[in-house]
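Undergrad: Protein chains in written order, with my numbering: chain A, 1 to 244; chain B, 245 to 420. Think of the CB as a built atom: it goes at the ideal place given N, C-alpha and C, for glycine as much as any other residue. The structure that follows is given in the form of structure tokens.
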């Protein structure tokens, strides 16, 4: 009799646990513990389009924000959290923006430092359901030595040839006008990350550039601005401008 | 024996109470509507007729609202491909007649791989490659005028110069 009672009690407890687990939003991805020391796999929430920083990239300067784009209207209480080498970083409150509420953004502190950065987000929809995702990038200030230092110049030219930006990585001073010129018979683009939303640095976007055509942009905002050719992005036609 | 039985009862009681709490937390319970208390009244024939007329009008309005709600419920949520600017017709528009064309505007260069598929009440009306404008920022598809009344769903694929593509969706209705 007493054994049966224990069995019934255990069953009741199990049912309660199951019921509690099924309540509330799906936060499994958001609570996943990232592995530090190696880049964790990207986890993509429903309606995710792209993000800046782009998953897997390494930056010489810590970005000023995390921007995640979706193709469905976001709602509260969407969240973003970020760790650097496994330690939680205090970042700005997430904001939903854009004409159709498609962008989720959090500002990052200037002193985030080097390390492996793991961003976890929860995207919520108008019906209050939520989905989690994750991506990662790295900050390595030592990589700055690999950027061509053209600071102090008011104008700089980058050529687009052999499906590359030449030079691909430069450091410029604030206010420098950078001009890209297409030197080959294929159409190229100059577009701010991420692809295809192109909205990390609004305004830093060309349409198609045929051979001989140019595109110019004056960098007035400090930071590192990664960009790419939207036609040859898969072939690795990417570049980056550090503005200081 | 007596102690065992008491423990059994207590355990079961605790289980039932916890289950009740969990069920309450998981369901958005709302209090039942309170019943109006009947007031005995004496009505003249004219008053009765006016009341019946008002009730009929209210019922008609309610039916219309429910029909509109049912129509809206059929519309899927709008989904936006990157660089989508707007469309004609707009999402959730109600049109008196079938539009001759459906136009989608973007702020980035589309590639020839882009497609538009239009269905009306689940039946495909048109599908395939749209016409791209010379600057490749607009794609347009024609809709046969025989399309008829109903709920139109526009599924599109916006493709970029690297031939990566992103899907989007919107819907509109033709007829009341």
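1) Would the beta-carbon of residue 114/A fall within 7 Å of that of residue 150/A?
2) Checking the sheet assignment: what are the DSSP bridge partners for residue 180/A?
3) Could you tell me whether the Cβ of residue 330/B comes closer than 7 Å to any Cβ of chain A?
4) How long is the line joining the alpha carbons of residue 65/A and residue 181/A, rounded to whole angstroms?
5) DSSP three-state label for residue 247/A, please.
6) Tell me which residues of the region 48-64 of chain A have at least one Cβ-Cβ distance to chain B shorter than 7 Å, keeping chain order.
7) Give me the chain C residues within the contact set of residue 102/A, using Cβ-Cβ distance strictly less than 7 Å, ordered along the chain.
8) List the residues of chain A whose Cβ lies closer than 7 Å to the Cβ of residue 353/B, in chain order.
9) For residue 391/B versus residue 342/B, is the C-beta distance shorter than 7 Å?
10) Compute the beta-carbon to beta-carbon distance between residue 100/A and residue 73/A, rounded to the nearest angstrom, for a pair I have assumed lies under 8 Å.
11) Which ranges would you report for the alpha helix (DSSP H) in the region 327-401 of chain B if only whole runs of at least 4 residues count?
12) Is the beta carbon of residue 183/A sitting closer than 7 Å to the one on residue 240/A?
13) Indicate the three-state DSSP secondary structure (helix, strand or coil) for residue 123/A in the structure shown.
14) Just checking: is the beta-carbon of residue 374/B within a distance shorter than 7 Å of some beta-carbon in chain A?
15) To which residues of the same chain is residue 429/B closer than 6 Å at the C-beta, ignoring the five residues directly before and after it?
16) Could you check whether residue 362/B and residue 398/B sit closer than 7 Å to each other, using their CB atoms as the reference points?
17) Return no unless some Cβ of chain B is closer than 7 Å to the Cβ of residue 202/A.
18) For residue 379/B, count the other beta carbons within 10 Å of its own beta carbon; 16 or more makes it buried, fewer makes it exposed. Which is it?
19) Identify the continuous beta strand (DSSP E) that holds residue 409/B and give its terminal residues.
20) For a test of the three-state rule: what should DSSP assign to residue 237/A, helix, strand or coil?
TA: Quick answer:
1) no
2) Paired residues: 158/A and 215/A.
3) Not one beta carbon of chain A lies nearer than 7 Å to the beta carbon of residue 330/B.
4) In this structure, the CA atom of residue 65/A is about 29 Å from the CA atom of residue 181/A.
5) Any answer about residue 247/A is impossible in this case: the structure gives chain A only from 1 up to 244.
6) Cβ contacts with chain B: 49.
7) Protein chains A and B are contained in the structure displayed, whereas chain C is not.
8) 207 and 208
9) yes
10) 6 Å
11) none
12) no
13) Residue state, collapsed to three classes: strand.
14) no
15) No answer is possible for residue 429/B: it lies beyond the span of chain B, which begins at 245 and ends at 420.
16) The answer is yes: Cβ separation under 7 Å.
17) Among the CB atoms of chain B, none fall inside 7 Å of the CB of residue 202/A.
18) exposed
19) 409-418
20) Three-state result, residue 237/A: coil.
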